[in-house]
């Protein structure tokens, strides 16, 4: 037998064994089961056994003993978790303490049940005298603190226990034998689960409460503290994907991070937040004994009468002051019970009822204020810790290595013909004919100084470069289906492009030490963004809109899964290395589930507003001048696609009552939804409405909002009739979202019923004809949506009185109003249903069953040869169109109905084909329709010939 050339290690054997006997699907199933494992109805021992068994399939989550203990602690029953505390660095220590505490709680519960039973029997038989035999006192083990052990001196061994009579303690089955020592401290007289060494750092809550009461003996008794419970953590410690229901709301007109916590018994406020905003803190006579992570605390301070604005409703809370916990306000069960709050973690929705108006609001929390978790310089101090990025350490230097290399793109400054800088007075006499003043500006990220040059005189005489910058909405449209993101920010991007040799003197700037000039492209030059955008497009031309989008010096890499992202990220970094472009590692972020990019937060769910930008808007002081109003509208208008009825709300900003509009815009921005990414392979739904002085449109797909749009009518448009205004809303939506709708099927919903017949109306004015020519470019269907149901678009053109949509029958509303005046009512309901369906469909289905060609197509569908056909309940369809068999009488009946009926009015062949192809399909359909129309006697006699008239008859030439 030949010796093995390679000695197999244990890791190699384990990997091969798992690959052969444990399929990846089974391991993934067990990992999900481990992540969802909770104690539930299991005992501690059963839960620990299940934990150990499932943790074998996910070793990375329990790689260290503290992490293993923390993961086990998170799954305990909340009642048991309250008494365990939080500081356990040993897994074995946590298991022993949990088993001991479970026995104590179970015995205490049993004793309370017996007491209640005994008191019930005693009160029921108070009429007659009886003798009650009390059970003998039970013997229990009580942990002695280290100080009491030292006071006992020689009376007892420090590791022994004090036996005391108690009616609420647990009953041990037997006294610990002195023969077997404890395997923790190696001493006799007690079990390891009751070892004092385990509890010297932290005693259980029940024992600490007993010791606290013993210390108070002989002193004046204070009022009994109110029990409270809250589990909080710091913002930076919230893990990715944790279902945290938190968002930013206004509290006393201040933007505040509010957390909805069903595990907190009261409402709490951070001391740092209360001090920062100058809230008055009152002292209470009674204390709150709060069970918090780490150790319990006693608090007797409160902030009274804080006004919390959620949606359009205001709520007043009196939170208890807590030490700084990283979250401003925690809403507990006291507020939730009062207002019947319901929390839906899956959809991140909070349902809350107003105590004054009785209205029920549904608030969607798009994302919490915390920045998305990233892999950047704060978490990975070394580049080698980031996957894929560690292969390109040379792309992230601390400083640029020197002058940029020679590239095909060099920055050029083309001057307006005839410009004479000296004559214009733009420069000072120097060795260079140009010169601009220089100044220093504070850096936001590092706190240092940045050299800036005022190039306004030079920019005024420079020929503007018309190279386009990408539209942000178009960039975001490319991200549909992406779940993994990486963001790369170039280091001093402009400085990585050389200036053309003959244009270097034009970049000169003056200082007190003389005149200097740039050898690379400087900030502040008018054509710098266009040149840099051209460079980035040329570098990533083959990858743009596939898995890379670029906006000037910001690069975003997106992928559908982590495997693709690894390949995409390596390609992008290779491109940067090839062109010697360098990035700043501290500003980069890799392997993200959601990323902040260009003022938005991108994730698999869609596009949301960047919380940091929302905070800037909320902190905006009330504008006092027209310039300040324009500045505010410019910032908020950047997010107008997230705000319903933006134009309607923003219009009064220039009037005297602009304060209300200013506050409404700030509130709506805090409730901005997450917009879905469009899928151009699926049809779109457009809801349109016109009312008063504005138009409103909503673009949706599969029930999710993609974008909002609103428009203020001009002076002459206000005078349009209602029919034209509703048609204008449709035209505005088609123009606004032309890049989505052109070439795709879309359904237009309007509450103006006459628009359904816009294509068949015989008389149209010139304006309507012009709009109709634009509408014919789209594949659309107009549907009537009653005004009561068209609440989505109505909210954009009418003033919103609430932030939720609630539809209820009119009869029920009337009954509620009559109930308020205490009148007897009887609610009766009748339901009638009338369905009218054409018989032509039944005739086609019956003809399909008798046609032999249809049977042949059905056989090929089963063999997957006809991918365009499908069977639905025995009916043959072609791309959602009903297949008409080769029955000439049936086809002639369909053609007669589409051409010569009283509702069709003899359309042409093209119009007739467009109408029929929406519902029906058969081979050579277009040719048969054209032949049918050409043979129509009415059309031949009535419709004029549009050919050029023939000339005069000419005599034939005489043959030679």
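Numbering (the UniProt record's numbering), first residue to last: 1 to 960. Even glycine gets a Cβ: it sits at the ideal position worked out from N, Cα and C. The model shown is predicted, which means the values in this text are computed figures rather than measured ones.
Per DSSP, residue 338 is one residue of the alpha helix (DSSP H) stretching across 333-338. For residue 939, the enclosing alpha helix (DSSP H) starts and ends at 937-942.
For residue 735, the enclosing alpha helix (DSSP H) stretches over residues 722-736. Given a length threshold of 3 residues, each whole run of the beta strand (DSSP E) inside the segment 241-276 is given here in chain order: 246-251, 254-260 and 268-270. Residue 783 is bridged by DSSP to 749.
Ranked by Cα distance from residue 77, the options 11, 105 and 393 are led by 105. If you look at residue 559, you'll find it in the beta strand (DSSP E) that goes 554-559. Judged by their CB atoms, residue 685 and residue 749 are nearer to each other than the 8 Å cut-off. Residue 559 and residue 497 have their C-alpha atoms spaced approximately 29 Å apart. Burial is judged here by how many other beta carbons sit within 10 angstroms of a residue's own beta carbon; residue 56 has fewer than 16 and is exposed. Between the segment 575-593 and the segment 457-477, the count of C-beta pairs closer than 8 Å stays below three; the two stretches do not touch. From the listed residues 297, 327 and 755, the smallest Cα separation to residue 260 is found for 327.
For residue 688, DSSP records a beta bridge to 697. According to the DSSP assignment, residue 532 belongs to the alpha helix (DSSP H) that extends over 528-539.
If the five residues before and after residue 62 are omitted, its C-beta is found closer than 8 Å to the C-beta atoms of 55, 68 and 71, all from its own chain and listed in chain order. Across the set 875, 572, 248 and 553, the C-alpha of 572 shows the shortest separation from the C-alpha of residue 542. Rounded to the nearest whole angstrom, the CA to CA distance from residue 880 to residue 18 is 47 Å. Counting every other CB atom within 10 Å of its CB across the protein chains shown gives residue 100 a total of 16 or more, marking it as buried. In the same chain as residue 50, and ignoring 5 residues on each side of it, the C-beta atoms closer than 8 Å to its own belong to 37 and 42, in chain order. Residue pairing for residue 872: DSSP places it in a beta bridge opposite 875.
Counted as a single uninterrupted DSSP element, the alpha helix (DSSP H) harbouring residue 460 occupies residues 456-460.
In the DSSP annotation of this structure, the continuous segment of the alpha helix (DSSP H) that includes residue 79 starts and ends at 78-84. Here the alpha carbon of residue 109 sits roughly 51 Å from the alpha carbon of residue 561. Between the segment 894-909 and the segment 933-945 there are three or more C-beta pairs closer than 8 Å, enough to call the two in contact. The beta carbons of residue 699 and residue 727 sit no closer together than 8 Å. Within its own chain, the residues whose Cβ lies closer than 6 Å to the Cβ of residue 333, once the five positions on either side in sequence are excluded, are 265, listed in chain order. If you draw a straight line from the Cα of residue 322 to the Cα of residue 269, it is about 6 Å long. For residue 681, no pairing in a beta bridge is given by DSSP.
Distances from the alpha-carbon of residue 501 to those of 520, 493, 514 and 40 put 520 closest. For residue 349, there is no enclosing alpha helix (DSSP H); the enclosing beta strand (DSSP E) covers residues 349-353. Pairwise C-beta distances place the segment 244-254 in contact with the segment 307-315, as three or more of them are shorter than 8 Å.
704 is the residue among 508, 920, 704 and 689 whose C-alpha sits nearest the C-alpha of residue 683.
Residue environment analysis places residue 527 among the buried positions, since at least 16 neighbouring C-beta atoms fall within 10 angstroms of its C-beta. Excluding its 5 nearest sequence neighbours in each direction, residue 479 has C-beta neighbours in its own chain below 7 Å: 558, 602 and 677, listed in chain order. For residue 459, same chain residues with a beta-carbon under 6 Å away, outside a window of 5 residues either side, are 526 in chain order.
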